[in-house]
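The structure under discussion appears below in the form of structure tokens.
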Amino acid sequence: MSSDHETAPSPVRRNLLKWTALAAGAAGLGIGSAQAQRAAQREVGGLRKGMFSFMLAHEQFPVPELLQLGALASRSGFQVLSTSDHFQPWQADEGHAGQAWITMAALGARAHGWMGTTVTCPTLRYNPAVVAEAFSTLSHLYPGRVFLGVGSGEALNEQAATGEWPKWQERWDRLIEAMTIIRQLWSGQDVAFKGKYYNVNAKLYDPPALPIPLLAAANGKKSMRLAGQHADGLISDPLTWKKYKSEWEDGARSAGKNPADMPVLIEHYAVVGDEAQAKQAAQPWRFGPKAFKTLYDVPSPVTIQQQAEQQTPIGEVLKSWAVGTDPAVHINAVRELFDSGVSIVNIHSGQPEQRKVIEFYATHVLPKFRQPA
47 MSSDHETAPS PVRRNLLKWT ALAAGAAGLG IGSAQAQRAA QREVGGLRKG
97 MFSFMLAHEQ FPVPELLQLG ALASRSGFQV LSTSDHFQPW QADEGHAGQA
147 WITMAALGAR AHGWMGTTVT CPTLRYNPAV VAEAFSTLSH LYPGRVFLGV
197 GSGEALNEQA ATGEWPKWQE RWDRLIEAMT IIRQLWSGQD VAFKGKYYNV
247 NAKLYDPPAL PIPLLAAANG KKSMRLAGQH ADGLISDPLT WKKYKSEWED
297 GARSAGKNPA DMPVLIEHYA VVGDEAQAKQ AAQPWRFGPK AFKTLYDVPS
347 PVTIQQQAEQ QTPIGEVLKS WAVGTDPAVH INAVRELFDS GVSIVNIHSG
397 QPEQRKVIEF YATHVLPKFR QPA
């Protein structure tokens with residue numbers, strides 16, 4: 047990859063970054079990988095741990111319902127709202143795939159706290175310059191409340207929408223270029239970027255109102271290290287986090303960053319109900335155990351569903367989920383994640399009764415982790 051170095055902010059912009067970093071750090075997520083951010087994190091003592099996110103699954107629910115759920119979750123004590131960003135659902139029986147950025151634009155007026163994508167692929171169906179513009183615009187609507195989660199994509203979105211689906215290494219090379227472009231444009235300076243995959247000669251005339259944290263999704267050994275090197279924070283699953291945490295930390299340190307200062311958002315599946323309800327909830331997420339082993343290469347949700355039903359028993363899907371109506375089951379699972387170094391636990395439930403999950407967690411789980419003001 048051939049590109050210019052990240053454009054340095056002006057003195058005025060640099061001072062703004064420093065003080066807005068302090069505000070963002072106090073709010074709980076941090077702002078980015080710039081030098082000003084790291085200095086600000088040291089001043090405020092790092093990130094606030096113990097945040098809860100609620101997952102708004104565009105694959106399973108229509109956007110109007112997601113807006114209602116997001117507002118309820120926010121009122122109920124969830125500090126973060128995470129949204130999937132898909133062109134198609136993983137499985138055909140999930141039934142939906144609304145546009146995530148539009149959801150966020152509407153949601154911010156109904157909710158408070160942080161919101162962001164887990165994750166947007168800024169390389170094929172989206173051009174990275176357009177992603178930079180879109181999230182900068184969101185930051186003007188909701189300053190200090192927006193983060194951008196990025197990833198290398200799935201065939202069901204990228205190949206299905208563009209006909210392109212390069213090998214893993216190229217997808218990550220593109221992602222690294224995309225993150226560089228997004229950061230440069232967010233500086234508000236003139237950008238002249240010439241890379242292997244993208245050429246950008248432009249300026250973002252409305253740069254972010256406040257700095258935007260840029261998190262990267264990773265689900266394997268190599269991607270964990272790369273995410274640590276190139277992103278401001280991590281998005282992953284409990285198994286990958288447990289297995290490759292050291293890769294993430296080593297990657298961050300190799301880039302001169304302290305992983306303890308970087309947000310880690312982990313998606314945690316939960317069902318508030320009995321075994322029958324858990325099996326019902328798991329069916330539309332049956333692809334999960336093989337999602338990033340084989341199924342990410344399949345462009346058709348119908349084929350993914352067929353393969354998941356043939357190859358993955360429901361019991362295997364539920365193996366890592368927290369299931370039951372006993373609050374201790376859910377409290378213990380969350381506590382284990384926080385104790386492992388996770389900053390943000392993203393509660394994701396496949397059950398149709400999403401309000402039941404939100405209200406259960408608000409009543410029985412979140413208060414156990416509430417931090418003093």
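In the working numbering, the protein residues as written are 47 to 419. The beta-carbon is built from N, C-alpha and C at its ideal position, and this holds for glycine as well.
Among the options, nearest to residue i - alpha-carbon criterion
i: residue 126; options: 397, 408, 392 and 406; result: 392
i: residue 331; options: 152, 412, 97 and 104; result: 104
i: residue 227; options: 242, 213 and 270; result: 242
i: residue 267; options: 246, 252 and 290; result: 290
i: residue 224; options: 166, 296 and 209; result: 166
i: residue 169; options: 158, 144 and 201; result: 201
i: residue 275; options: 203, 384, 295 and 386; result: 295
i: residue 282; options: 301, 197, 264 and 297; result: 264
i: residue 110; options: 322, 149, 99 and 135; result: 149
i: residue 235; options: 246, 250 and 222; result: 250
i: residue 261; options: 192, 382, 337 and 286; result: 192
i: residue 197; options: 136, 248, 273 and 175; result: 273
i: residue 384; options: 154, 310 and 254; result: 310
i: residue 304; options: 402, 100 and 280; result: 280
i: residue 300; options: 347, 321 and 277; result: 277
i: residue 366; options: 288, 349 and 178; result: 288
i: residue 99; options: 140, 139, 158 and 144; result: 158
i: residue 386; options: 178, 102, 338 and 306; result: 306
i: residue 312; options: 321, 154, 270 and 349; result: 270
i: residue 254; options: 229, 325 and 237; result: 229
i: residue 160; options: 101, 144, 285 and 222; result: 101
Neighbourhood of residue i by C-beta, 8 Å cutoff - its chain only, sequence neighbours within 5 removed
i: residue 156; result: 113, 116, 117 and 120
i: residue 107; result: 115, 142 and 400
i: residue 210; result: 170 and 204
i: residue 258; result: 77, 78, 181, 182, 185, 192, 193, 194 and 232
i: residue 347; result: 134, 135, 136, 137, 138, 140 and 202
Close-in-space but distant-in-sequence residues of the same chain around residue i (CB under 7 Å, 5 per side omitted)
i: residue 373; result: 410 and 411
i: residue 207; result: 133 and 171
i: residue 163; result: 129, 131, 146, 194 and 195
i: residue 371; result: 318 and 319
i: residue 334; result: 363
i: residue 323; result: 317 and 397
i: residue 179; result: 250
Own chain residues within Cβ distance below 6 Å of residue i, not counting five before or after
i: residue 380; result: 391
i: residue 415; result: 96
i: residue 152; result: 113
i: residue 408; result: 122 and 123
i: residue 327; result: 317, 396 and 397
i: residue 368; result: 316, 375, 376 and 379
i: residue 302; result: none
i: residue 220; result: 169 and 243
i: residue 245; result: none
Residue i, DSSP secondary structure in three states
i: residue 415; result: helix
i: residue 240; result: strand
i: residue 290; result: helix
i: residue 263; result: strand
i: residue 408; result: helix
i: residue 105; result: coil
i: residue 113; result: helix
i: residue 181; result: helix
i: residue 285; result: helix
i: residue 358; result: coil
i: residue 210; result: coil
i: residue 298; result: helix
i: residue 402; result: helix
i: residue 120; result: helix
i: residue 2; result: Nothing about residue 2 can be read from this structure; the chain reaches only from 47 to 419.
i: residue 169; result: coil
i: residue 157; result: coil
i: residue 47; result: Below a pLDDT of 50, predicted positions are generally treated as unreliable, and residue 47, at 35, falls in that range; the measurement from the model is reported next regardless. Coil at residue 47, not helix or strand.
i: residue 99; result: strand
i: residue 273; result: helix
i: residue 368; result: strand
Boundaries (first-last residue) of the beta strand (DSSP E) holding residue i
i: residue 344; result: Per DSSP, residue 344 belongs to no beta strand (DSSP E) and is neither H nor E.
i: residue 160; result: 160 to 163
i: residue 258; result: It is not in any beta strand (DSSP E) - residue 258 carries neither H nor E in the DSSP assignment.
i: residue 129; result: 126 to 129
i: residue 282; result: 279 to 282
i: residue 143; result: Segment: none, residue 143 is in no beta strand (DSSP E) and carries neither H nor E.
i: residue 324; result: Counting along the chain, residue 324 falls outside any beta strand (DSSP E), though it belongs to the alpha helix (DSSP H) covering 321 to 328.
i: residue 311; result: 310 to 317
i: residue 392; result: 390 to 394
For residue i, the first and last residue of its enclosing alpha helix (DSSP H)
i: residue 376; result: 373 to 385
i: residue 246; result: Per DSSP, residue 246 belongs to no alpha helix (DSSP H); it is in the beta strand (DSSP E), 245 to 248.
Proximity test, residue i beta-carbon vs the ligand GDP heavy atom, cut-off 7 Å
i: residue 147; result: As far as ligands go, the structure on display features none, and thus does not contain the ligand GDP.
Assess contact between the segment 305 to 325 and the segment 337 to 351, defined as three or more Cβ pairs (one per stretch) separated by less than 8 Å. Is contact present? These segments do not touch.
Taking 8 Å as the cut-off, does the segment 351 to 358 touch the segment 394 to 403 (at least 3 CB pairs, one atom from each stretch)? Contact between the segment 394 to 403 and the segment 351 to 358 is absent, because fewer than three Cβ pairs lie under 8 Å.
Would you call the segment 210 to 220 in contact with the segment 185 to 196, where contact means no fewer than 3 C-beta pairs closer than 8 Å? No contact exists between the segment 210 to 220 and the segment 185 to 196.
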